[in-house]
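Written out below as structure tokens is the structure these notes cover.
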Amino acid sequence: MSVRHHLSGRHAVITGGAGGLGRGIARALIEAGAGVELWDQDAAGLAQAVAELGRRATQRQLDIRDVNAVEAAADAAVVAHGRIDILINNAGVLGEVRPIWETMPENFQRVLQVNLFGAYLVTRAVVGRMLRQEPRRSPDGHPLRGHVVNIASIQGKEGMAMAAAYSASKAGLIALTKSVAKETAKEGIIVTAVTPAAAETAMAREISAERRADILSRIPMGRFVEVEEVARLVLWLSSDDCSFSTGGIFDLSGGRATY
Ligand SMILES: NC(=O)c1ccc[n+]([C@@H]2O[C@H](COP(=O)([O-])OP(=O)(O)OC[C@H]3O[C@@H](n4cnc5c(N)ncnc54)[C@H](O)[C@@H]3O)[C@@H](O)[C@H]2O)c1
């Protein structure tokens, strides 16, 4: 891992931090010197992640769809660490893999609730508090209060058959990223998103072998993205080196999307 992105003394919140990508991102931020708080609803997964990541990782069990729980968690994080420098909106669910006419309304709603509404609640709570923080200075002397990185998906750009709710939620997250970035551009809060292709995590294991082969065939590099490849880009986007790219949507699709 690069030693360029010094995050010593920085405090990060990672939602979905007990899962595959969240844990990999946490590891990268910790290796760069940050402390991380993992927010997740999976108590067993959180305990395992914190044991694996060591003393600079802490945990908070919550459902990001619950406004009161999110507000309380944001308050507690500020009390514990003084500030939140980095937010990674990473919690997400895949939902049913079916054509839209066979999907259940409750499923569509659940996917939107976690992937988009949950990200909205967490962003609202954390960015609201970041705005009250004293800014640091970027390497070029510009004020920086914090970095927000949203984990969207290639499916939010391209759409994907049998995943309308998931794709729509990620397209929404991309639009949320661009909008919040414009709102905070003068406040020293950098907001970006990444759009990964499939990675080998619990989420990818939910799909059939046939669909997996179909997804793989769409990726020109002919392979899935490594968790570490996602983590390296997120690390850069969380660092002070990323100081003029707000609202950007960063590709991680092995050539599937070149925009
Ligand atoms: N794995 C992939 O192929 C892939 C590709 C592109 C984007 N993504 C995105 O990356 C992110 C991480 O996914 P992953 O692959 O690590 O999956 P994962 O299932 O390993 O992790 C997701 C985590 O989110 C948590 N979570 C779900 N609902 C929650 C809620 N309501 N409140 C709090 N926590 C909740 C889960 O408990 C889990 O720990 C997701 O947003 C996903 O959409 C994944």
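Residue numbers (the numbering used here): 22 to 280.
The beta-carbon is built from N, C-alpha and C at its ideal position, and this holds for glycine as well.
Next on the checklist: Spatial neighbours of residue 104 within its chain, please: C-beta separation below 7 Å, excluding the five flanking residues on both sides.
Outcome noted: Hits under 7 Å: 32, 154.
Checklist entry - In the segment 24 to 52, which residue ranges form an unbroken alpha helix (DSSP H) of at least 4 residues, counting only runs that do not cross its ends? => result The qualifying runs are 41 to 52.
Next on the checklist: Closer than 8 Å is the cut-off here; do at least three beta carbon pairs connect the segment 252 to 263 with the segment 45 to 57?
Outcome noted: These segments touch.
Checklist entry - Do the CB positions of residue 136 and residue 43 come within less than 8 Å of each other? => result No; because the gap between Cβ atoms is not below 8 Å, this pair is not in contact.
Checklist entry - What residue range is occupied by the uninterrupted beta strand (DSSP E) comprising residue 195? => result For residue 195, there is no enclosing beta strand (DSSP E); the residue is part of the alpha helix (DSSP H) that begins and ends at 185 to 205.
Checklist entry - Would you say the beta carbon of residue 63 comes nearer than 7 Å to a heavy atom of ligand 1? => result Yes, Cβ of residue 63 sits closer than 7 Å to a heavy atom of ligand 1.
Checklist entry - Taking the Cβ atom as the reference point for each residue, do residue 140 and residue 83 lie within a distance shorter than 8 Å? => result No, the Cβ-Cβ distance between residue 140 and residue 83 is not below 8 Å.
Next on the checklist: For ligand 1, I want to know if residue 89 counts as a neighbour, meaning its beta carbon is within less than 7 Å of at least one of the ligand's heavy atoms.
Outcome noted: Distance from the C-beta of residue 89 to the nearest heavy atom of ligand 1 is not below 7 Å.
Item to check | Three CB pairs or more closer than 8 Å across the segment 124 to 134 and the segment 174 to 194 | outcome: The segment 124 to 134 makes contact with the segment 174 to 194, as at least three CB pairs between them are under 8 Å.
Checklist entry - The beta strand (DSSP E) spanning residue 217 covers which residue range? => result Annotation for residue 217: the continuous beta strand (DSSP E) segment containing it runs 210 to 217.
Item to check | Cβ neighbour criterion (16 or more within 10 Å) applied to residue 100 | outcome: Residue 100 should be labelled exposed.
Checklist entry - So, residue 210 versus residue 142, is the Cβ gap smaller than 8 Å? => result For residue 210 and residue 142, no; Cβs fall outside 8 Å.
Item to check | Beta-ladder partner(s) of residue 164, from DSSP | outcome: DSSP links residue 164 through a beta bridge to 158.
Item to check | Proximal residues to residue 176 (C-beta, below 7 Å), its chain only, five neighbours per side dropped | outcome: Excluding positions up to five away in sequence, the list reads 184, 187, 188, 191.
Checklist entry - Is residue 221 buried or exposed, if buried means 16 or more other CB atoms sit within 10 Å of its CB? => result Taking every protein chain shown into account, the CB of residue 221 has fewer than 16 other CB atoms within 10 angstroms, so this residue is exposed.
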